[in-house]
Every structure is written in C-alpha cells, then in structure tokens.
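Peer 1: My questions all concern the structure below.
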Amino acid sequence: MKPRSNSNGVHALIKAACRLRNAGLLLALLEMASWTSYAQLSGLPGSFSRMGFGARGMAMGNAMTAVSTSEVLSYYNPALPAFSERRTASATYTFLPLDRRLGFLSYTQAIPPTAGISGGIIYAGVTDIDGRDLHGVHTNDFSTSEFQFSFSFSNKFADVLAIGVGGKFYYYRLFEGTTTTTVGLDVGVFYKVTHAISVGAAIQEINAKYRWDTSSLYGRSGNVTTEAFPVLKRIGVALQIPHGRGIIAIDLETSTRGTTILRAGGEIMAAEYLTVRGGIDRVQLSENENGVKPSLGFTLARPVNELNLSLSYAYVFEPFSSGGISVLSLSVGF
22 MKPRSNSNGV
32 HALIKAACRL
42 RNAGLLLALL
52 EMASWTSYAQ
62 LSGLPGSFSR
72 MGFGARGMAM
82 GNAMTAVSTS
92 EVLSYYNPAL
102 PAFSERRTAS
112 ATYTFLPLDR
122 RLGFLSYTQA
132 IPPTAGISGG
142 IIYAGVTDID
152 GRDLHGVHTN
162 DFSTSEFQFS
172 FSFSNKFADV
182 LAIGVGGKFY
192 YYRLFEGTTT
202 TTVGLDVGVF
212 YKVTHAISVG
222 AAIQEINAKY
232 RWDTSSLYGR
242 SGNVTTEAFP
252 VLKRIGVALQ
262 IPHGRGIIAI
272 DLETSTRGTT
282 ILRAGGEIMA
292 AEYLTVRGGI
302 DRVQLSENEN
312 GVKPSLGFTL
322 ARPVNELNLS
332 LSYAYVFEPF
342 SSGGISVLSL
352 SVGF
C-alpha cells in the first residue's frame, strides 16, 4: 500500500532505505506512513495517536471534547478530569487490518475538592515485516513501534468551569538504531452552560516534533530531518438528553495543515445495563478529502459490590482499508 502523501522526513528515510540491500525498513515505513487512510494528516508524525481513544470515544465519532459524564477522557480535553465522578481504569485493544497493532491504557481520578488527574498510554506498531534482499531471499522479520505517554491535570475554578493542561511524551522506534522522541503540550477548558449543555475547547500537540538522525545507519550518507506534528484546535458542544438517558455531541477541529473536520456522535441508554451509541468522524469541511468514518458501538455495565465494571465495543468503518476497525475496552470504576 502506498500513501498519497507523506512528510519530507519519511521520504528521506525511504530514499535512504532504498540504498540498503535489505528492504525491511522500506516496508515498515510504508506501513506506518499509512496508519489511518489516504488522508492529509495520516502521513504526518503522530498519526497513530489521532485515531481516537477507547471504544466509547471512537464509537461516538471522537466527538468528546465537551463530554464530562460517565468515563471522562483527557485524551480529548485535558480539562475534563476535574469532573470525574470516581476513579476509573481502562484497557483497550484495537483489531486492525494490515498487521497493525494499537492499544490503550488509562487512569483517571478526581482530587478533592476541585482537581483531577489522568494518565494514559497509547501503543502502536507493525509486526512480521518480511525483510528480503535484492534476490528475494528472506533475511529477517522486522517490526516498528511507537508510544505516547500522557499526563493531565485540571482544576475547577467554579462549579461549572475547569481548565486543564497535559503533557505528552512520544517514543518512536523505526529501525535498528533509528529512534526519536519528542514532548508535546495540550491545554483545554470546559464550561457547563446549563445543567444539560456543556462546551469545551482544546489545543493539542503544541511544540511536538520528531528529529531523525540516520547517521548511525548510513554514516556520512545519513542526514538529519525534523518533522513537526500538526497542531490541533478543537471546540465541542454536548447536550444531555433529559433524565440522563443519553448525550448528543458535536466537535469541530482545525489544524495547522489546513484541515477542518466535523465530528458528531451520540449515545442512549437502551436498557438498565446497556448503552448504545453511534457517530461519524472526519466530515471534511475544507478542500482536503479525508474520507468519512461512520462508527457504532455499545457498552454493557454492571455494578459488582463497590466496583462498576463495563465492557465496551466499537466498530469503525475505514473508507480506504480492506476492513473496518474493531475496538474492545474493559473499564473498572471504583
């Protein structure tokens, strides 16, 4: 699979890989450069971290910037943890085509009387990359891996207003001796307009960029390239359905790469322990076509003693892939 657009740094590494007798690095680069689809943002650094977080968020089209009920996710807005109702830990595994791997871990809790914290890990990778020499003989099996470690802190400055800040550390292992790291910053605000209506806004990936140095692989033929992450600006609104029966949410996101994306989603309590949801992601309002991603899912939740256990599932339709994405999350509230 060959992506339509890639960053200059990846192009430089691919050209360098072509000088090797082993094609494994080239294959790895092509796989990782096409993480989401043939979209403008997907060939840029950190694309794995822009797919969403957890089954609930991805089933609602990632329109979660202003959603503060149930399990809150600082991934979408670092101001949200202050509104967490209880400590929550969750683990998510994502089933992807093309031998890709994607997983999430998160923990959120309120800190009385007015604050909250959240931490998370995102792992992505491609395994079983078949390396062969110019004669077609198998040499080695290669793999790539990329991590995001995040931590957020938020505080209420009134019962209806919270401001939060989050830090992210990225680590990317592309090939033998070729790694890079970076640190990014998120800021966010959340405000309850009424009991039923809330708004949120966030700016993400401030100052994040990868710096690649291939001199350890190619000596004097190596070079240094820098790839900046796209800075994302997001605003959202959420409406609670009367009697706590569900939520309707809409997000609008712009980026420093000229994209403007609309997201929408909703969930409704269909039975005592069952919540169903659906959404749509990447409704492109700018000239750059990203490919719309509809989604649907559900949550089964049941209190057990002092614990609140929930199992969530989401299915995301990928417009440019051979199959969709299945997401499975297990959460424990205590």
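According to the numbering used here, the stretch in the sequence shown is residues 22 to 355, in order. Built from N, CA and C at the ideal position, the CB exists for glycine as well.
Measure the CB-CB distance between Val-93 and Pro-102 and report whether it falls below 8 Å.
Peer 2: To locate residue 93, count along the sequence shown from 1; it is residue 72. To locate residue 102, count along the sequence shown from 1; it is residue 81. Contact flag set, yes.
Peer 1: Taking Phe-74 as the reference, give the member of Ala-112, Arg-255, Phe-104 and Ser-91 with the closest Cα.
Peer 2: For the purposes of this step, residue 74 is identified with residue 53 of the sequence shown, where counting begins at 1. The shortest Cα separation from Phe-74 among Ala-112, Arg-255, Phe-104 and Ser-91 belongs to Ala-112.
Peer 1: For Ser-333, tell me which candidate among Ser-105, Gly-137, Leu-349 and His-159 has the shortest Cα-Cα distance.
Peer 2: Start at 1 with the first residue of the sequence shown, and residue 333 comes out as number 312. For Ser-333, the nearest C-alpha among the options comes from Leu-349.
Peer 1: Roughly how many angstroms separate the alpha carbons of Tyr-219 and Ile-271, rounded to a whole number?
Peer 2: Along the sequence shown, one-based indexing puts residue 219 at 198. Along the sequence shown, one-based indexing puts residue 271 at 250. The sequence given here places Ser at residue 219; Tyr does not occur at that position. Looking at the two C-alpha atoms, the distance is approximately 11 Å.
Peer 1: Can you look up Phe-69 in the DSSP assignment and give me helix, strand or coil?
Peer 2: Taking the sequence shown and counting its residues from 1, one reaches residue 69 at position 48. Here Phe-69 sits in helix by DSSP.
Peer 1: Using a Cβ-Cβ cutoff of less than 6 Å, which residues in the same chain neighbour Ala-183 once the five nearest sequence positions on both sides are dropped?
Peer 2: Position 162 of the sequence shown, counted from the first residue, corresponds to residue 183. Correct list, in chain order: Ala-100, Ala-103, Ser-175, Lys-177 and Phe-211.
Peer 1: On the three-pair Cβ rule with 8 Å, is the stretch 250-266 touching the stretch 275-284?
Peer 2: Yes: at least three Cβ pairs fall under 8 Å.
Peer 1: Considering only C-alpha positions, which residue in the set Ala-179, Ala-76, Thr-202 and Ala-145 is nearest to Lys-418?
Peer 2: Residue 418 falls outside the range modelled here, since the chain spans only 22 to 355, and no answer is possible.
Peer 1: Could you pull out every unbroken alpha helix (DSSP H) segment of at least 4 residues lying fully inside the stretch 221-304, listed in chain order?
Peer 2: 236-239, all fully within the stretch 221-304.
Peer 1: What beta strand (DSSP E) runs, 3 residues minimum, are completely inside the stretch 92-151?
Peer 2: Qualifying beta strand (DSSP E) stretches, in chain order: 109-116 and 121-132.
Peer 1: Should Asp-207 be labelled buried (16 or more other beta-carbon atoms within 10 Å of its own) or exposed?
Peer 2: Position 186 of the sequence shown, counted from the start, is the residue given in the question as residue 207. Buried: at least 16 other Cβ atoms inside 10 Å.
Peer 1: Here's the rule I'm using: 16 or more other beta-carbon atoms within 10 Å means buried, otherwise exposed. How should Pro-324 be labelled?
Peer 2: Translated into the one-based positions of the sequence shown, residue 324 becomes position 303. Its Cβ having fewer than 16 others within 10 Å, Pro-324 is exposed.
Peer 1: Could you tell me which residues DSSP pairs with His-156 in its beta bridges?
Peer 2: If you number the sequence shown from 1, residue 156 lands on position 135. DSSP lists no partner for His-156.
Peer 1: Just tell me which of Val-181, Tyr-294, Leu-321 and Phe-341 has its CA closest to the CA of Arg-303.
Peer 2: The sequence position of residue 303 within the sequence shown is 282, counting from 1. When only C-alpha atoms are compared, the closest one is Phe-341.
Peer 1: Would you report the Cα separation of Tyr-239 and Val-245, rounded to the nearest angstrom?
Peer 2: On the sequence shown, position 218 is the one that residue 239 refers to. On the sequence shown, position 224 is the one that residue 245 refers to. Straight-line Cα distance between these residues: approximately 11 Å.
Peer 1: Pick from Lys-213, Ile-224 and Ser-347: whose alpha carbon is nearest that of Gly-187?
Peer 2: Walking along the sequence shown from the start, residue 187 turns up at place 166. Closest by alpha carbon: Ile-224.
Peer 1: Run through DSSP, which three-state label would Gly-75 get?
Peer 2: Working through the sequence shown from its first residue, we reach residue 75 at position 54. Here Gly-75 sits in helix by DSSP.
Peer 1: Would you kindly check if the distance between the Cβ of Ile-289 and the Cβ of Arg-255 is under 8 Å?
Peer 2: Taking the sequence shown and counting its residues from 1, the one referred to as residue 255 is at position 234. Taking the sequence shown and counting its residues from 1, the one referred to as residue 289 is at position 268. It is not a contact, given that the beta carbons lie outside the stated cut-off.
Peer 1: Going straight from the alpha carbon of Val-204 to that of Gly-64, what length do you get?
Peer 2: If you number the sequence shown from 1, residue 204 lands on position 183. If you number the sequence shown from 1, residue 64 lands on position 43. Cα-Cα distance, rounded: 19 Å.
Peer 1: Just verifying my parser: in three-state terms, what is the DSSP assignment at Ala-183?
Peer 2: Working through the sequence shown from its first residue, we reach residue 183 at position 162. If DSSP states are grouped into helix, strand and coil, Ala-183 belongs with the strands.
Peer 1: Going by C-alpha to C-alpha distance, which of Tyr-191, Thr-129 and Phe-69 sits closest to Ser-173?
Peer 2: Taking the first residue of the sequence shown as 1, we reach residue 173 at position 152. Checking every option, the nearest Cα to that of Ser-173 belongs to Thr-129.
Peer 1: Taking 8 Å as the cut-off, decide whether the C-beta atoms of Gly-152 and Asp-162 are in contact.
Peer 2: Numbered from 1 along the sequence shown, position 131 holds the residue referred to as residue 152. Numbered from 1 along the sequence shown, position 141 holds the residue referred to as residue 162. Against a cut-off of 8 Å, the Cβ pair of Asp-162 and Gly-152 comes out as a contact.
Peer 1: Exposed or buried, which one is Ile-125 when buried takes at least 16 other CB atoms within 10 Å?
Peer 2: Locating residue 125 in the sequence shown gives position 104, counting from the first residue. Per the sequence shown, the amino acid found at residue 125 is Phe instead of Ile. Its Cβ being crowded by 16 or more others within 10 Å, Phe-125 is buried.
Peer 1: Is it buried or exposed for Tyr-96, if we count other Cβ within 10 angstroms and need 16 for buried?
Peer 2: Taking the sequence shown and counting its residues from 1, one reaches residue 96 at position 75. Counting Cβ neighbours within 10 Å, Tyr-96 comes out buried, since at least 16 surround it.
Peer 1: Let me confirm a value: Tyr-294 is counted as buried when at least 16 other C-beta atoms fall within 10 Å, else exposed. Which label applies?
Peer 2: For the purposes of this step, residue 294 is taken as residue 273 along the sequence shown, with counting starting at 1. By the neighbour-count rule (16 or more Cβ atoms within 10 Å), Tyr-294 is not buried but exposed.
Peer 1: In this structure, how does DSSP classify Ala-80 when only helix, strand and coil are distinguished?
Peer 2: Start at 1 with the first residue of the sequence shown, and residue 80 comes out as number 59. Residue state, collapsed to three classes: helix.
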